[in-house]
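Enquirer:
There are 2 protein chains.
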Amino acid sequence: MNAYVMLGVFQTSQKLRTSLRLLSRAGLPPVDLQVQLLLRGRSPLSATFSRKLHLGPDGPASSPAAAPRRLPFSRVTVEDLTFFRKTLPGRAITDPDLVQSSNEDWLKSVRGSSEVLLRPQTTQEVSQILSYCHSRNLAVNPQGGNTGLVGGSVPVYDEIILSTSLMNSILSFDKISGILTCQAGCVLENLSLYLEERDYIMPLDLGAKGSCQIGGNVATNAGGLRLLRYGSLHGTVLGLEVVLADGQVLDCLSTLRKDNTGYDLKQLFIGSEGTLGVITAVSILCPRKPKSVNVVFLGCETFDQLLKTFQLCKGMLGEILSAFEFLDSECMRLLNTHLKLANPISDCPFYIVIETSGSDSDHDSQKLHNFLEEAMTSLLVTDGTVATEESKIKTLWSMRERVTEALTHDGFTYKYDISLPVERIYQLVTDMREHLGKRARSVVGYGHVGDGNLHLNVTSPAKDPALLASIEPFIYEWTAKFQGSISAEHGLGLKKRNYIYYSKSRPAVAVMGKMKTLLDPKGILNPYKTLPDDLK
Amino acid sequence: MNAYVMLGVFQTSQKLRTSLRLLSRAGLPPVDLQVQLLLRGRSPLSATFSRKLHLGPDGPASSPAAAPRRLPFSRVTVEDLTFFRKTLPGRAITDPDLVQSSNEDWLKSVRGSSEVLLRPQTTQEVSQILSYCHSRNLAVNPQGGNTGLVGGSVPVYDEIILSTSLMNSILSFDKISGILTCQAGCVLENLSLYLEERDYIMPLDLGAKGSCQIGGNVATNAGGLRLLRYGSLHGTVLGLEVVLADGQVLDCLSTLRKDNTGYDLKQLFIGSEGTLGVITAVSILCPRKPKSVNVVFLGCETFDQLLKTFQLCKGMLGEILSAFEFLDSECMRLLNTHLKLANPISDCPFYIVIETSGSDSDHDSQKLHNFLEEAMTSLLVTDGTVATEESKIKTLWSMRERVTEALTHDGFTYKYDISLPVERIYQLVTDMREHLGKRARSVVGYGHVGDGNLHLNVTSPAKDPALLASIEPFIYEWTAKFQGSISAEHGLGLKKRNYIYYSKSRPAVAVMGKMKTLLDPKGILNPYKTLPDDLK
Ligand SMILES: Cc1cc2nc3c(=O)[nH]c(=O)nc-3n(C[C@H](O)[C@H](O)[C@H](O)COP(=O)(O)OP(=O)(O)OC[C@H]3O[C@@H](n4cnc5c(N)ncnc54)[C@H](O)[C@@H]3O)c2cc1C
Ligand SMILES: Cc1cc2nc3c(=O)[nH]c(=O)nc-3n(C[C@H](O)[C@H](O)[C@H](O)COP(=O)(O)OP(=O)(O)OC[C@H]3O[C@@H](n4cnc5c(N)ncnc54)[C@H](O)[C@@H]3O)c2cc1C
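Taken in sequence, the protein lines are chains A and B.
No gaps in the numbering here: position 220 of the first sequence is 220 in the working numbering, and each next residue is one more.
No gaps in the numbering here: position 509 of the second sequence is 1509 in the working numbering, and each next residue is one more.
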């Protein structure tokens, strides 16, 4: 079969990315992960807090995900509040209703009991707050858009919430180099809009863009949709300004592409999840806005063919390839069953979503045509379609983006975000399916093939501790056996901190502990997060 | 004037990159920087070393570049040698003739007096050596290809030289993901050849590729010719194995694109110049080999037009732009005068070399044509040419690559490798020219516009301390005023360590010092390098 025959039904569109954004926001699943048991309770200022106020995502305190005991930090006093109110007039919030939403994470899976929410506007204010908290031994929880998925963004007990939401100024943008410098609290989507008017884009993009902040993105080393093309934040972030635990301002806010004068300290804060310092400003290298964007939806018979298609794609689409995502037929079944989404092509065991972004739409379409012809004639893909109108584009991207939502309708969902050598990705799904047998309702796999990032999900009619015991530590051991990562992009936060040894060696974790002690000797910054309990 | 008229004389070629490589190797300047006063002297094992054996690049001990006093490390004893010989049979070298070349840097500007050269083959051996040296308080100088330009790769006194040259095995290459894992001593060019056979390339490329090693590249965070396109090593290096000062092996050799489990420790070693640990293995993400490469040589009337051309180029060549380099008319004069190289286009104040790399030669040529038409009609560039045969290509690239060589014929050369916001780059050259007036013979500017990296060179008939005093600290102060970096890609090593404060804040340097103490408490790894003397 000639690809051009197939291409007869294909259509192209340049508005794809816009609609993708709309789509992914519309598709935000409200109860996405296991909704956890929350013990509610509120105590007055300076009173005793219940040690069991906050449970980790797996309920019982014996679980590695459960919160450890409260550490002996000071409790906020009336004098402390006086200081905060003087330092941040009108921006030291104690009204329980206002503090409430900052205590609970996006998934509504964990909840702290902080009674103080501080909203500084300047680096100087952050420095004053931390200097004070350090001297008073008060614990602090840095918070951005509170969209984190591992329980890292909210307090575990009564940590003071330091929100960067009011630190939302763009400081500079250099149109020649594409270097943007801004405060940490700028919302990702606002930065994107600002840049698009100037013919640039942010080098990262996430479903949470409407709420997440650039500081939070850097603190979690967020991956997202554009990583395949523009690489990780370790490469695109050029500078950071960070306030250390003792209030000292560390100015590494370089706006240069090259600077080899001493150690690159800023790197340490990228992905440190608020445990080493509060990021107050970011400078980042932004790519030019692509003039042309295309999306294709393809079907493959085997995962091996899918990988070969990825190979071919890298070779033939080369510099214009911007996304290579996949889902399996189990995902398609759930989309059909629960969301009534029709398969846009014929039934296949595997489906691929490919996106291209380039500077010349004719060239891009032609490259896509050549690639598709080759993929069809070499029998790598069996069917496919390209969208043009916004509605069709939405429908196509839904097949990838709404899998999470479909899963929530299938029952209680156990979710994993695993990184593996790309050729192993699907083997984990097959092995898990075999391992669990009839105990699971569905075992599905989808994710960012291009980045070696698998989303493995297991559903059951209801919460099922026996099933969980079959999944874990099996999945972590399997991942470790193939040198994978148990957290590809979401970080460790509270929920996964004790699983770190599946992906990092003991000496490495010990060095991390020393770094923490070096930069935050009293451990006041985001305690109970990222590092395992046995280090403390 | 229509660009297509101009394009009549343009020719394209796909062999360009090959010839560029040949060219840049042929053009290696043998005496490139200020050749420094070397005091020769050799003492027998365990005897007293002269404190003044080694002088920094500026001679007098009062210069910030001069070597500090020898620190109280132990001296190598006969027992030590017995241990080394047992651990590394036949690979613990003490023959002065063999150790000699490892004592002297590539520029022949600094020279140490080590009497022991160790050549381990395995990580285990490196670990045994460091563990031993640590317990004995023996200083160690990690060495790769010894092509570093800041005096960091050779001992200052009698530090033991630990060479990675025999650690040259490729450990794995994943054809699907393009992830290469290899020992640190692999020579960059060998890796490139290995990959090119597999349709991939290394994400970095330097003039020194025939000698420099991937471990040395990572240790210096080398930039080079492909940075504009593939980004820095902080983004492309996925994993490192490092042996710490006490012999402990830190395994961060991830081969994953995404891994957010804890702090990204490997980042700290990228650009640490051998002062925090010995890199023993590297995993790195490699791009596909481009199928089509083109080069253009253009002329501009003003630097402002050159910057506008860069802007246009980024927009119209987009994803295929792989190099944007420049030189000024003073460079051209030196090329004409000293190397008899003829200007391939008409005389202009500024010249640009643009390289494109893409997956479709027709598309690439067409994009180039469109860009050139636009650049010509909007009067940004006044003349230009594209090469096709290898000889013409060589000639074109010579205009950029052989400037360094031409400079050595112009007199004694003061060389600077500065990073600046791209719009400031040339202002420094103009200001310097005005500032020095007739005291300098030539003041020339060239470099990687695309990366904001300027090579500023000043020549005089002979070494001239008064001239030097006019250049420094003027140049460093100027650079600091515009938040530039005094070392864009070469690092600080011995020569520039004390200038760090021009580019980094005191608190940042203090944190660097603490990191050093944390990872190398006895300071045995590459002492006297990278960090300023006042920290020790
Ligand atoms: C719908 C949805 C889609 C998502 N998609 C992706 C995705 O594609 N890829 C991906 O990688 N992640 C994704 N995430 C999770 C991702 O981590 C967050 O979206 C985002 O990066 C966090 O930013 P935030 O501002 O919300 O940070 P928060 O959630 O507020 O905080 C996250 C962590 O960073 C710390 N932190 C926040 N701000 C600072 C600061 N200024 N200084 C120091 N520490 C700080 C917090 O203490 C916390 O530990 C998604 C989340 C949602 C809800
Ligand atoms: C002709 C020429 C062209 C160059 N072009 C460029 C360029 O375009 N861009 C650029 O950035 N640089 C360039 N350089 C300088 C550049 O730093 C080196 O070429 C290269 O990166 C160093 O590698 P090496 O193996 O030679 O390291 P060496 O010179 O041996 O060592 C350099 C530093 O790294 C340390 N080191 C080396 N190996 C290890 C290891 N395994 N573990 C820990 N520390 C180690 C050493 O102690 C030393 O401090 C050039 C140099 C030359 C001579």
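All residues carry an ideal CB built from backbone N, CA and C; glycine is no exception.
Owing to the predicted nature of the structure, the values given are computational and were not obtained by experimental measurement.
Quick check on DSSP: helix, strand or coil for F303/A?
Expert: helix
Enquirer: When you compare the segment 1410-1424 of chain B with the segment 1352-1365 of chain B, are there three or more beta-carbon pairs, one atom per stretch, that lie closer than 8 Å?
Expert: no
Enquirer: Quick one: what does DSSP say T1261/B is sitting in, helix, strand or coil?
Expert: coil
Enquirer: For D105/A, go through chain B and note every residue whose CB falls closer than 7 Å to its CB, in chain order.
Expert: Per Cβ cutoff of 7 Å: no residues; D105/A is ~17 Å from chain B at best.
Enquirer: Excluding sequence positions up to five away, which residues of its chain have a Cβ less than 8 Å from the Cβ of F371/A?
Expert: For F371/A, the CB contacts under 8 Å within the same chain, skipping 5 residues up- and downstream, are L312, C313, M316, L317 in chain order.
Enquirer: Going along chain A in order, which residues have a C-beta closer than 9 Å to the C-beta of K1367/B?
Expert: S359, D360, H363
Enquirer: Just grab the DSSP bridge partners of V296/A for me.
Expert: I354/A, V386/A
Enquirer: Please name the residue, chosen from L1250/B, K1340/B, L1130/B, D1264/B, that lies closest to V1403/B on a Cα-to-Cα basis.
Expert: K1340/B
Enquirer: Any Cβ of chain B within less than 9 Å of the Cβ of E319/A?
Expert: Yes, contact with chain B.
Enquirer: Just mark G437/A as buried or exposed, buried being the case when its beta carbon has 16 or more other beta carbons within 10 Å.
Expert: Under this definition G437/A is an exposed residue.
Enquirer: Of all the CB atoms in chain A, is at least one closer than 9 Å to the CB of E1423/B?
Expert: yes
Enquirer: Looking at ligand 1, does it come within less than 8 Å of G215/A, judged from the CB to the closest heavy atom?
Expert: Answer for G215/A: yes, Cβ within range of ligand 1.
Enquirer: By the 10 Å Cβ neighbour count, where 16 or more other Cβ atoms means buried, how is V1078/B classified, buried or exposed?
Expert: exposed
Enquirer: Mind pulling the chain A residues with CB within less than 7 Å of V1261/B?
Expert: Looking at the sequence itself, residue 1261/B is Thr, so the reference to Val does not match. Simply S485, I486, S487, L492, I500, S503, K504.
Enquirer: Pick helix, strand or coil for S1109/B, following the three-state DSSP scheme.
Expert: Correct three-state label for S1109/B: coil.
Enquirer: Closer than 8 Å to a non-hydrogen atom of ligand 2 - does that hold for the CB of V1278/B?
Expert: yes
Enquirer: Please list, in chain order, the chain A residues whose beta carbon lies closer than 7 Å to that of C1212/B.
Expert: Correct list: empty, because the minimum Cβ distance to chain A is about 15 Å.
Enquirer: Kindly list, in the order they appear in chain B, the residues whose Cβ is closer than 7 Å to that of D533/A.
Expert: Listed by position along chain B, the residues whose Cβ is nearer than 7 Å to that of D533/A form an empty set, because the closest Cβ is around 14 Å away.
Enquirer: Measure from the C-beta of N1217/B to each C-beta in chain A and report whether the shortest distance is under 9 Å.
Expert: no
Enquirer: Looking only at its chain, what residues have a beta carbon closer than 8 Å to the beta carbon of D383/A, apart from the 5 residues adjacent to it on each side?
Expert: M6, L298, G299, I345, S346, C348
Enquirer: Just to check, is the beta-carbon of W397/A closer than 8 Å to a non-hydrogen atom of ligand 1?
Expert: no
Enquirer: Starting from T537/A, find everything on chain B with Cβ-Cβ shorter than 7 Å and list it in chain order.
Expert: Not covered by the structure: residue 537/A. The range shown for chain A is 1 to 536.
Enquirer: According to DSSP, is V403/A part of a helix, a strand, or is it coil?
Expert: helix
Enquirer: Who are the Cβ neighbours of D141/A in its own chain at under 6 Å, not counting the five residues just before and after it?
Expert: Contrary to the premise, residue 141/A reads as Asn rather than Asp in this sequence. Within the same chain, N141/A has close Cβ partners P155, E159, I161, N526.
Enquirer: When DSSP labels each residue in this structure, what does R1021/B get in the three-state scheme?
Expert: Bear in mind that the predicted position of R1021/B carries a pLDDT of just 29, short of 50, making it unreliable; the figure below should be weighed with that in mind. If DSSP states are grouped into helix, strand and coil, R1021/B belongs with the helices.
Enquirer: Quick check: what's the CA-CA separation for V429/A versus L454/A?
Expert: Approximately 9 Å, taken between the alpha carbons.
Enquirer: Name the DSSP beta bridge partners of G1239/B, please?
Expert: S1283/B
Enquirer: Excluding five sequence neighbours on each side, which residues of the same chain lie with their C-beta closer than 8 Å to the C-beta of V99/A?
Expert: I93, S114, E115, V116, L117, I161
Enquirer: May I ask which residues mark the beginning and end of the alpha helix (DSSP H) holding C1212/B?
Expert: Premise fails: C1212/B is in no alpha helix (DSSP H) and is neither H nor E.
Enquirer: Quick one: give me the first and last residue of the beta strand (DSSP E) that I170/A is part of.
Expert: Taken as a continuous stretch (DSSP letters only), the beta strand (DSSP E) holding I170/A covers 170-174.
Enquirer: I want to verify the contact list: residues of chain A whose CB lies under 9 Å from the CB of T1302/B, in sequence order.
Expert: Per Cβ cutoff of 9 Å: no residues; T1302/B is ~14 Å from chain A at best.
Enquirer: Suppose the cutoff is 7 Å on Cβ atoms and the five residues either side in sequence are ignored; what does the same chain contact list for G452/A look like?
Expert: Excluding sequence neighbours, G452/A sits near S419, L420, P421, V422, I425.
Enquirer: When you check each C-beta in the segment 262-281 of chain A against every C-beta of chain B, which residues fall closer than 8 Å?
Expert: The segment 262-281 of chain A vs chain B, Cβ under 8 Å: G262, Y263, D264, L265, Q267, L268, I270, G271, S272, L276.
Enquirer: Just to check my reading of the structure: D1264/B and G144/A have Cβ atoms closer than 8 Å, yes? What is that Cβ distance to the nearest angstrom?
Expert: Not quite, the Cβ-Cβ distance comes to about 19 Å (not below 8 Å), so this is no contact.
Enquirer: Taking only heavy atoms of ligand 2 into account, decide whether any of them is closer than 8 Å to the Cβ of V1218/B.
Expert: Checking the Cβ of V1218/B against ligand 2 gives yes.
Enquirer: According to the Cβ coordinates, are T1181/B and L1193/B closer than 9 Å?
Expert: Cβ atoms of T1181/B and L1193/B: not closer than 9 Å.
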